[in-house]
Amino acid sequence: MSEVRIDVHRDATEVTQALRRDVREGLTADVKWLPSKWLYDARGSELFDRITTVPEYYPTRAERAILRSAAPEIAEVTGMRTLVELGSGSGEKTRLLLDAGTEHGSLRRFVPLDVSASALSASVDAIASEYPALRVDGVVADFTEPLDSLPGTAPRLVAFLGGTIGNFLPAERAKFFSSVRSVLGEGEWFLLGTDLVKDAGTLVAAYDDAEGVTAEFNRNVLRVLNDRLGADFDPAAFEHVAHWDDRHEWIEMRLRALRPMTVTIPGAGLTVRFAEGEYVRTEISAKFRPDAVRAELADAGFTLRHWWTDPEGRFAVSLSEARA
Ligand code: AVJ
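Shown next, in the form of structure tokens:
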């Protein structure tokens, strides 16, 4: 049996406190906003899993196709002894990397890191039983906050997949890359999934699927505020909007009030008014150009060594080395 440990860097009270702070800041701003990480409670994570299967949402399939063909080369080039995955860590993409690492023979340890303790323990259990030779150490932590340290023996490969980097604002992205770089030693590795700039029609469709799964996912953040902070949002009174911002080259998800409303949020000590048509920004999902990815990684102390895209050039996975 493999060795399993879960290291909790954050408990439920701290999570609710962080939510309260974010709600107080975001919903009292001139243009209201909420950090996208609050979309992902159990229901939100299930809805996101469904999004990955709708025909319009290509990123998951594109990235999986890239990893299916590149995983052996990733294992070969890095010689990884530890795979650290930031976010989820139970999916097929993870398995492609774990399979490649075990086949190559270097991989000893898997460290999934996730903000959700329940999601993490499920994935830790599943991976540990499927890969009995691996040591699996889950870490409950919020990767949008600076990382202090990461377990595992060098060379480690830190994987940040799915295009989730697009949820960070440019300044947050720079901080995040530096934070990853600061916990790695020279010669360790960073694997990054980035969705690429393309025509607006394809992008908007990916974030506004015909079946309405993304719309339900977006509205779920209001249910999270109802559940955790006792708010009285009527999710049906908000319309899902996926807006392509041409200047920033990001998709912005919004929830637009269909009528004037007053919402009380006891857990945050707030009463919030909405005018008809007023919106809350719930997520940005930035899309990238290859040169910008390389430059931003270089600024943080990484040298980009490999760049793979899917056959249609929609999505990219890059492998970078931490340099001196
Ligand atoms: C999981 C953050 C990568 O930005 O594409 C999917 C989330 N939002 N549809 C993305 C999401 C709306 C997704 N990430």
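For the sequence shown, position 18 (counting from the first letter as 1) is numbered 778 according to this note's numbering, and the numbering increases by one without interruption. Glycine is no exception: its CB is placed at the ideal position from the N, C-alpha and C atoms. A quick note: this is a predicted structure, and the numbers were derived from the prediction, not measured.
In this structure, the CA atom of PHE903 is about 19 Å from the CA atom of VAL896.
At a cut-off of 4 residues, the continuous stretches assigned as alpha helix (DSSP H) that sit fully inside the segment 912-947 are 930-943.
Of GLU852, VAL814 and SER829, the smallest CA-CA separation from PRO1071 is found for SER829. In the DSSP assignment, THR1069 is bridged to ALA1076. Residue burial is scored here from C-beta neighbours: THR854 has at least 16 other C-beta atoms within 10 angstroms and is therefore classed as buried.
Across the structure, ALA960 and GLY804 are spaced so that their CA atoms are roughly 25 Å apart. Annotated three-state conformation of THR776 is helix, per DSSP.
Around the beta carbon of ASP969, 16 or more other beta carbons sit within 10 angstroms, so the residue counts as buried. Within 10 angstroms of the beta-carbon of VAL791 lie fewer than 16 other beta-carbons, which makes it exposed. Burial of LEU952 is indicated by the presence of at least 16 other C-beta atoms within 10 angstroms of its C-beta. GLU1012 is the residue among SER909, GLU1012, LEU956 and LEU846 whose C-alpha sits nearest the C-alpha of ARG1041.
Contact between the segment 970-986 and the segment 1004-1020 is present, with at least three C-beta pairs closer than 8 Å. At a cut-off of 6 Å, the beta-carbon of THR954 does not count as near the ligand AVJ: no heavy atom of the ligand is closer than that. A direct Cα-Cα distance of roughly 8 Å separates TRP793 from GLU785. By the Cβ neighbour-count rule, LEU921 is buried, with 16 or more other Cβ atoms within 10 Å of its own. Taking the Cα positions, GLY926 is about 11 Å away from HIS1008. Residue side-chain check: GLY972 keeps its Cβ at 6 Å or more from all non-hydrogen atoms of the ligand AVJ. Separation of ALA1058 and ARG1033 (C-alpha to C-alpha, rounded to the nearest whole angstrom) is 44 Å. Nearest to GLU863 by C-alpha distance, out of ASP874, SER876, GLU833 and LEU846, is GLU833. For the ligand AVJ, no non-hydrogen atom lies closer than 6 Å to the CB of GLY804.
If only complete runs of 4 or more residues are kept, the segment 850-888 shows the alpha helix (DSSP H) at 852-864, in order along the chain.
For VAL1001, the beta-bridge partners assigned by DSSP are ARG1014. Burial is judged here by how many other beta carbons sit within 10 angstroms of a residue's own beta carbon; GLY1061 has at least 16 and is buried. For PHE1034, the enclosing beta strand (DSSP E) begins and ends at 1030-1034. THR1022 sits exposed, since fewer than 16 C-beta atoms from the chains shown fall within 10 Å of its C-beta. With a threshold of 6 Å, the Cβ atom of ASN986 does not count as near the ligand AVJ, since no heavy atom of the ligand is closer than that. Relative to the ligand AVJ, the beta carbon of GLY926 is positioned inside 6 Å of a heavy atom. Excluding residues up to 5 positions away in sequence, ALA997 and GLU1036 lie with their Cβ nearer than 7 Å to the Cβ of ARG1019 in the same chain. DSSP places SER796 in no beta strand (DSSP E); its state is neither H nor E. Between the beta-carbon of PRO819 and that of GLU845 there is about 17 Å, and that puts the pair past the 8 Å contact cut. Per DSSP, reduced to three states, the secondary structure at VAL791 is coil, with no helix or strand assignment.
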